[in-house]
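Printed below as a string of structure tokens:
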């Protein structure tokens, strides 16, 4: 008993950097208190002292805000951080070294007296507000993002996000990630939209090439977007003609930012366009860690070359704040304000 308590305290220090002292952990961690009271209630439950077990669980709920049914099975080194609003159902099984945050629900989907709650593997991280429903299995080392609703089995090492939960990535189940960095979790919906937009852009490029070939009587369409080799001595800078600049800006309006659902010109992401002596230079406002930079750069090059032909296109990333005047005006116009 004493060794298990010491192990639980060490678990708190390992999984919560806010823990400062043993006394603080003993007095100020409701997740730990709920787990200790659950062990007592669970023991009584298996001794057929069901009412007493439920009373202890009910008292624990009033004291901690965490509801764990006495019939639920919790493994070792389980840690519930913050804990308010956590609900773990009667037939739920939680493995070892599981970390869950406030608002997590391990719920059932059946009114029958059968296995109706999830089974959570070892080293699983469940984000705040996530819901796992039904007698499904969550594999070892899986990560469930905050607010996700999981209704299907989760493979070992998978990362789940969204409603309903979808597999958005994965890691080794043997070396699971303890941290759940939501800002870096991939978005499967956004990824699908970006892929669809990319394919549409490629088709448009192909159509333009075919139209060009038809107009010039060529048997085969020209290959778009060849990059001319740069010479040691840069060509002299040229002035961008107003008509050509207007065509380029119009072409860049076809580049959609999947995260926002609007074109990059209306959002003010394009800072400027100019000729730099080697070809066209497009300055793109962005920020560090933006997951869509590679996609946007490729789309900008493709759309610009649809106007310039074989002119080299260079995209310069500018780390500066978004022009909110442009963005706000765009959204007000879209909302009819």
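Numbering (our numbering), first residue to last: 6 to 342.
The C-beta atom is built at its ideal place from N, Cα and C for all residues, glycine as well.
Whole-angstrom distance between residue j and residue i, CA atom to CA atom
i	j	result
residue 103	residue 144	11 Å
residue 244	residue 134	56 Å
residue 303	residue 141	41 Å
residue 3	residue 325	Outside the displayed span of the chain (6 to 342) sits residue 3, for which this structure offers no information.
residue 132	residue 147	11 Å
residue 136	residue 19	25 Å
residue 5	residue 15	As displayed, the chain neither begins before 6 nor continues past 342, which places residue 5 out of reach and without an answer.
residue 138	residue 297	32 Å
residue 54	residue 173	44 Å
residue 116	residue 13	34 Å
residue 10	residue 74	21 Å
residue 82	residue 291	42 Å
residue 201	residue 263	10 Å
residue 271	residue 158	42 Å
residue 46	residue 169	33 Å
residue 255	residue 69	59 Å
residue 212	residue 153	41 Å
residue 160	residue 149	11 Å
residue 210	residue 306	11 Å
residue 316	residue 266	29 Å
residue 246	residue 204	31 Å
residue 248	residue 208	26 Å
residue 42	residue 8	16 Å
residue 110	residue 6	28 Å
residue 250	residue 275	13 Å
residue 231	residue 206	Per-residue confidence for residue 231 stands at a pLDDT of 39, beneath the threshold of 50, marking its modelled position as unreliable; the derived number appears in the next sentence. Residue 231 and residue 206: Cα-Cα distance of roughly 17 Å.
residue 314	residue 273	25 Å
residue 44	residue 32	18 Å
residue 167	residue 118	30 Å
residue 56	residue 40	19 Å
Residue i vs residue j beta-carbon contact at 8 Å
i	j	result
residue 289	residue 318	no
residue 61	residue 99	no
residue 113	residue 94	yes
residue 163	residue 122	no
residue 156	residue 165	no
residue 269	residue 280	no
Proximal residues to residue i (C-beta, below 8 Å), its chain only, five neighbours per side dropped
i	result
residue 321	286, 287, 288 and 289
residue 252	312
residue 78	47, 97, 98 and 99
residue 64	42
Residues bridged to residue i [DSSP beta-bridge criterion]
i	result
residue 280	285
residue 7	Answer by DSSP bridge pairing: none, since residue 7 is not bridged.
residue 111	93 and 137
residue 124	98 and 142
residue 72	92
residue 319	286
residue 155	137
residue 275	289
residue 104	84 and 130
residue 268	261
residue 79	99
Close Cβ partners of residue i (< 6 Å) along its chain, the five nearest in sequence each way excluded
i	result
residue 300	199
residue 259	308
residue 72	66 and 92
residue 277	288
residue 261	202 and 268
residue 58	46, 49, 50 and 75
residue 105	85 and 131
residue 129	103, 143 and 147
residue 220	none
CB contact check: residue i to chain C, cutoff 8 Å
i	result
residue 286	The structure shown has no chain C; it contains just one protein chain.
Proximal residues to residue i (C-beta, below 7 Å), its chain only, five neighbours per side dropped
i	result
residue 101	80, 81, 82 and 127
residue 30	14, 17, 24 and 37
residue 151	132, 133, 134, 135 and 187
residue 284	316, 317, 318 and 319
residue 90	70, 107 and 108
residue 120	96 and 140
- contact_flag[the segment 20-39, the segment 47-59] where n(CB pairs < 8 Å) is 3 or more: no
- On the three-pair Cβ rule with 8 Å, is the segment 32-49 touching the segment 78-97? yes
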